[in-house]
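Q: One structure is given below, represented as structure tokens, and several questions about it will come after.
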């Protein structure tokens, strides 16, 4: 039995064994990532309101947002500071890759001489088959095979309105990673590669912060809309007080609601 199989079959390896063997460390990372993705996909599949257009609550933006919140703890196992924005990006990536692989899968269809259909698509892509169990194979080969407009399938456009713009267009996720800088018309740039990288990272961080703040604001709006008028007025009053003291620099980790009320 190879060392790889010994490792994958044995969950009782000690930390010291793993730390002293780079190959075991690499395999441990791969195994951990697969477990993480498996958990995320299984949870996503258990929330049909996010992917099933026939679901009774598919067009209910509040219930869909709450469903996204259920995926957040899984992502936070790897990075505690992630937000709903990152949940959306994770889902977008999974679905985009799934759609690309689905085209390959459908193109691999063959028919034997006895009329039995089969697919030659390799089974090594476990994520594809895990997603296929609930996303299915609904693609119009005549119209969508060559150029699939994933934006039409993203299923988050119904999640947006003027007051509850929870999720942005998928293209904006791409723009975040491909920031274009204005170029001078007369004087060529003298920035070093290091300086350019710092500028690029700075702008990207600012964009991510903007998106995260919008997500927080949207979450507040969604919750306010679910309250009756009296509760909404009281909540808005308290929120404004908290924001006021935040601008004054008075808030700390020990600040509670009663303290804000009496300041």
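Numbering (our numbering), first residue to last: 6 to 268.
Backbone N, C-alpha and C define an ideal beta-carbon position, used for all residues, glycine too.
#1: Mind checking which residues open and close the alpha helix (DSSP H) that includes residue 137?
#2: Extract the residue ranges of the alpha helix (DSSP H) inside the segment 30 to 110, only unbroken runs of 4 or more that lie entirely within it.
#3: Pick from 252, 105, 123 and 60: whose alpha carbon is nearest that of residue 340?
#4: Measure the alpha-carbon distance for residue 121 versus residue 57 and round it to whole angstroms.
#5: Are residue 67 and residue 231 close, meaning C-beta to C-beta below 9 angstroms?
#6: On the DSSP letters alone, give me the boundaries of the beta strand (DSSP E) that residue 126 sits inside.
#7: From this set, 85, 79 and 139, which residue's C-alpha is nearest residue 51's C-alpha?
#8: Along the beta strand (DSSP E) that carries residue 114, what are the first and last residues, could you check?
#9: Sorted by chain position, which residues of the same chain lie with C-beta nearer than 7 angstroms to residue 136's C-beta, five sequence neighbours on each side aside?
#10: Verify the CB distance criterion: does residue 228 have a CB-CB separation below 9 angstroms to chain B?
#11: Buried or exposed for residue 116, going by 16 or more other Cβ atoms inside 10 Å?
#12: In chain order, what residues of the same chain have a beta carbon less than 7 angstroms from the beta carbon of residue 106, not counting five sequence neighbours either side?
#13: What do you reckon, are the CB atoms on residue 240 and residue 252 nearer than 9 angstroms?
#14: Which value, in whole angstroms, describes the spacing of the CA atoms of residue 125 and residue 222?
#15: By DSSP, does residue 251 sit in helix, in strand, or in coil?
#16: Between the alpha carbons of residue 256 and residue 245, how many angstroms are there, rounded?
#17: Between the alpha carbons of residue 77 and residue 118, how many angstroms are there, rounded?
#18: For a test of the three-state rule: what should DSSP assign to residue 260, helix, strand or coil?
A: Based on what the coordinates show:
#1: Judged by DSSP secondary structure, residue 137 falls within the alpha helix (DSSP H) whose first and last residues are 131 to 140.
#2: 66 to 80
#3: Summary: the structure shown does not reach residue 340, with the chain confined to residues 6 through 268, and so no result is reported for it.
#4: 30 angstroms
#5: yes
#6: Here residue 126 belongs to no beta strand (DSSP E), and DSSP marks it neither H nor E.
#7: 139
#8: 114 to 116
#9: 46, 99 and 103
#10: The structure shown contains no chain B, having only a single protein chain.
#11: exposed
#12: 130 and 133
#13: no
#14: Straight-line Cα distance between these residues: approximately 48 angstroms.
#15: helix
#16: Their Cα atoms are separated by approximately 13 angstroms.
#17: Straight-line Cα distance between these residues: approximately 49 angstroms.
#18: coil
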